[in-house]
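**Q** Residues 330 to 905 (the numbering used here) make up the sequence shown, in order.
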Amino acid sequence: MRPALLILVLHVLPIALPAQYYLTGEVVDCHGDKLQNVGITVLSTGLTFHSGLHGEFGIVSRAMDDTLTFAVDGYETFTIAAHSTEIVQVTLKTVPFSMAVGQDRQASLFRGTYQRDGAGGVRAATVAYGSRMENPFVPQSATVSFIGAPHLASYHTIRRFLDMGSIVPPDAVKIEEMLNYFNFSYEEPDEGDVFHCSSQLVTCPWNPGHQLLFLSVCARKTDLYNKPPANLVLLIDASGSMDLPDKLPLVKTGIRTLVDNLRDIDTLSVVEYGGEVKVLLAGVPGSQKERIMTAIERLKPDGASPGLEGIQVAYSVAQHQFIPGGNNRIVLITDGDISEVSGPQGEKNLENFIAEQSEAGIHLTCGGIGMVNFSDSRLPLLAAMGHGNFAYLDNEEEVRQLFASELDSGLICVADKMSVTVDFDSTLVKEYRLIGFDNKRGIPQDTLSGLEGSRICSGHSLLALFELTPKVNSIPADTLAAVKVGYCLPGQYVQRVISYPCPNELIPFDRSELSTQRAACIALFGMKLQQSGYAGQVEWSDIEKMARKTFTGTSYLDEDYIALIDKARKIYERRQ
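#1: Using the rule of at least 16 other Cβ atoms within 10 Å of the residue's Cβ for burial, across every protein chain shown, is Arg440 buried or exposed?
#2: At a cut of 8 Å, does the stretch 566–583 reach the stretch 848–864 through at least three beta carbon pairs?
#3: In chain order, which beta strand (DSSP E) runs of at least 3 residues are fully inside the stretch 783–817?
#4: Which same chain residues, not among the five before or five after Arg784, have their C-beta less than 6 Å away from its C-beta?
#5: Can you give the beta carbon distance from Asn464 to Phe766, rounded, assuming they're within the 8 Å contact cut?
#6: Would you kindly work out how many angstroms separate the C-alpha atoms of Lys550 and Val728, rounded to a whole number?
#7: What are the start and end residues of the beta strand (DSSP E) that includes Leu372?
#8: Out of curiosity, what's the CA-to-CA distance linking Leu886 and Leu763?
#9: In this structure, how does DSSP classify Val743 when only helix, strand and coil are distinguished?
#10: Would the beta-carbon of Ile621 fall within 8 Å of that of Leu637?
#11: Just curious, the alpha helix (DSSP H) that Lys629 is in, first and last residue?
#12: DSSP three-state call for Pro832: helix, strand or coil?
#13: Of all the options Trp869, Cys786 and Arg770, which has the alpha carbon lying nearest to the alpha carbon of Ser437?
#14: My parser needs the alpha helix (DSSP H) runs of 4 or more residues fully inside the stretch 684–745; what are they?
#15: I'd like to know whether the C-beta atoms of Asn279 and Gln435 end up nearer to each other than 8 Å.
#16: Can you grab the Cα-Cα spacing for the pair Gly612 / Asp754, in whole Å?
#17: If we call anything under 8 Å between Cβ atoms a contact, is Asn656 one with Ala647?
#18: At what residues does the alpha helix (DSSP H) containing Phe490 begin and finish?
#19: Give me, in chain order, the residues of the same chain whose beta-carbon lies closer than 6 Å to that of Thr663; leave out the 5 immediate sequence neighbours on both sides.
#20: I'd like to check one pair, Leu740 with Pro799: are the Cβ atoms closer than 8 Å?
#21: Can you give me the C-alpha to C-alpha distance between Glu796 and Pro518, rounded to a whole angstrom?
#22: Grab me the residues of Lys503's own chain with a C-beta within less than 6 Å of its C-beta, minus the 5 sequence neighbours each way, in chain order.
#23: So, are the CB atoms of Asp395 and Leu372 less than 8 Å apart?
#24: Who are the near neighbours of Pro558 in its chain, counting only those whose CB is closer than 8 Å to its CB and skipping five residues on each side?
#25: Check Leu661 in the structure and name its three-state DSSP category.
#26: Please classify Leu843 as buried or exposed, where buried requires at least 16 other C-beta atoms within 10 Å of its C-beta.
#27: In the DSSP assignment, find the unbroken beta strand (DSSP E) run with His525 in it and report its ends.
#28: On the DSSP letters alone, give me the boundaries of the alpha helix (DSSP H) that Arg877 sits inside.
#29: Determine, using beta-carbon pairs with one atom in the stretch 530–547 and one in the stretch 566–578, whether at least three such pairs fall under 8 Å.
#30: State the DSSP-derived secondary structure class of Met462, mapped to helix, strand or coil.
#31: Identify every residue that forms a DSSP beta bridge with Ser474.
#32: Assign Ile621 to one of three DSSP states: helix, strand, or coil.
#33: Going straight from the alpha carbon of His485 to that of Ser528, what length do you get?
#34: How long is the line joining the alpha carbons of Arg903 and Val497, rounded to whole angstroms?
#35: From Arg707 to Leu792, what does the alpha carbon distance come to, in whole angstroms?
#36: What did DSSP end up calling Asp775 once you bin it into helix, strand or coil?
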């Protein structure tokens, strides 16, 4: 990405009120395009504002000369003194994506006897980009371990860059997150077991001499037999300010655990408020999971934030779907307060209304997501009046826990410190590589950096993918690889292990399960975005052809994925 020029035109005009000034301006890039949702923090007040739809803004300052800090996704944060007599031009430099997404835990770890180069990879096989290192091929003598619960945000990040007409920074592409974002397959463990494992071995579509091993690990679901039916109404802020990676995309990924665990007796409704207030779903049974996720995926940030009207509509829906003796609850997710409520009397009326509804059996839970200034937020008070929970939400796991706990707190954790270890049979496999689960460069040399296991939620499903180079004229064997799933039960520290032998049963790719073909297509798309050398001679047209064959277009996610590949093809071919 090229650095963008951010031009700020400031006009500082005194307001009639003492010691207050009005700062107005416009935010554009080097092409003259208006930039919306640029965060502008004022030093004298500590408040953060955002540029509008056309790049404009108006800010009240206590000082004639103030200090402004500008922050927007993909650019370095910049602070400048805004003097009342000057017009200021600000250049924001783009940053490597890895600098903007925070610290990563170690995602995978290889052990064994094999030669590394100075960058921590296997000699002549390392593919590095930005601050991350793509997992290389390693000999079968190396044992690989990886975390059991990757995050899911990478798909939304990729879509955000492509929607802007930009190439995607390779560091932003995390194939394990993409695979598991689309992984809707779930296999129930046997009674008494915590996990169920399965695998499929197929020929590799981008390298006919190689094979692909798909490994699936599914966690048990919490028994909700004695829990009352739930009437849940999700009230989601979809205003323009939610159009940031740490806001609405986290809502979409964090809701998965709740939806996966809904029962037929539960109902879920979705109310959004942004450009307008809409009831997207009303009383949909928990069995219609795809319909629910489609509605969530269709949320698009836009417009103002009519929170008060949203609350009124949400309570109306909750009342209409009310279940006597059930868990009747509204879950409000927003990045700000209910701004239309002004004055002590208006605030008191809202509090009394929420308290009355709570006494009638409808509770209110509030989540403040990506909030910069929360010390004066009234969301905790509203949640208290509604006899519900409250949390500030800064990452995917916190969002997942808040949603899941509204159905039952037992959904949050069925296993802890979970990781997966794989040993390949030396008589069958010459070398292999784990696709995704890439680490920051330098981690392999850090002897103190261990693999941190994951907390596993009820009904969690993990999909991992390996590319293998088989040995020529190998001796037949029944087991391709030995898999061990290590974990602790919640609240315990004793490590438990279950074992699974991957059958050595090769299937031609074209005859494999549709879900397997879809996963291979997603992995290849990620490799192409990473500009990986392991993608071979595959062209964008090849990926698009594979996607149209395996993604039928009958669901919103299918249509969105195919459209995303089309955008990527046009952007990358134009750049070439």
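Think of the CB as a built atom: it goes at the ideal place given N, C-alpha and C, for glycine as much as any other residue.
**A** According to the structure data:
#1: Using a 10 angstroms sphere on the CB of Arg440, the tally of other CB atoms stays under 16, which defines it as exposed.
#2: Contact between the stretch 566–583 and the stretch 848–864 is absent, because fewer than three Cβ pairs lie under 8 Å.
#3: The stretch 783–817 contains these whole beta strand (DSSP E) runs: 783–785, 790–799 and 808–817.
#4: Around Arg784: Cys742 and Asp745.
#5: About 7 Å separates the two Cβ atoms, so the contact holds.
#6: Each residue's alpha carbon lies about 19 Å from the other.
#7: From DSSP, Leu372 is part of no beta strand (DSSP E); its letter is neither H nor E.
#8: Between Leu886 and Leu763, the C-alpha separation is close to 26 Å.
#9: Coil, per DSSP.
#10: No. Outside cutoff.
#11: Going by DSSP, Lys629 is part of no alpha helix (DSSP H) at all; its letter is neither H nor E.
#12: DSSP places Pro832 in strand when its eight states are reduced to three.
#13: Looking from the CA of Ser437, the closest CA among Trp869, Cys786 and Arg770 belongs to Arg770.
#14: Segments of the alpha helix (DSSP H) lying fully in the stretch 684–745: 708–714 and 725–736.
#15: The shown model of the chain, from 330 to 905, leaves out residue 279, and the question about it has no answer.
#16: Across the structure, Gly612 and Asp754 are spaced so that their CA atoms are roughly 51 Å apart.
#17: Cβ distance not < 8 Å, so Asn656 and Ala647 don't count as in contact.
#18: It spans Ser483 to Asp492 - the alpha helix (DSSP H) in which Phe490 sits, taken as one unbroken run.
#19: Closer than 6 Å at Cβ, skipping near neighbours: Asp566.
#20: Cβ distance not < 8 Å, so Pro799 and Leu740 don't count as in contact.
#21: Between Glu796 and Pro518, the C-alpha separation is close to 26 Å.
#22: Closer than 6 Å at the Cβ level, and outside the excluded window around Lys503, lie Ser483.
#23: Yes, the pair counts as a contact, with Cβ atoms nearer than the cut-off.
#24: If we look at Pro558 and ignore the five residues flanking it on each side, its Cβ neighbours are Arg592, Ile594, Asp595, Thr596, Ile652, Gly655 and Asn656.
#25: In this structure, DSSP gives Leu661 an extended state, which the three-state scheme calls strand.
#26: Exposed.
#27: Here the beta strand (DSSP E) through His525 covers Phe524 to Thr532.
#28: For Arg877, the enclosing alpha helix (DSSP H) starts and ends at Trp869 to Thr879.
#29: The stretch 530–547 is not in contact with the stretch 566–578.
#30: In the displayed model, Met462 falls within a strand according to three-state DSSP.
#31: Per DSSP, the beta bridge partners of Ser474 are Leu438 and Thr750.
#32: In the three-state scheme derived from DSSP, where H, G and I count as helix and E and B as strand, Ile621 is classed as helix.
#33: The alpha-carbon atoms of His485 and Ser528 are separated by roughly 27 Å.
#34: In this structure, the alpha-carbon of Arg903 lies about 14 Å from that of Val497.
#35: If you take the alpha carbons of Arg707 and Leu792, they lie about 41 Å apart.
#36: Caution applies to Asp775, whose pLDDT of 47 falls short of 50 and renders its modelled position unreliable; the value that the coordinates give is listed next. Here Asp775 sits in coil by DSSP.
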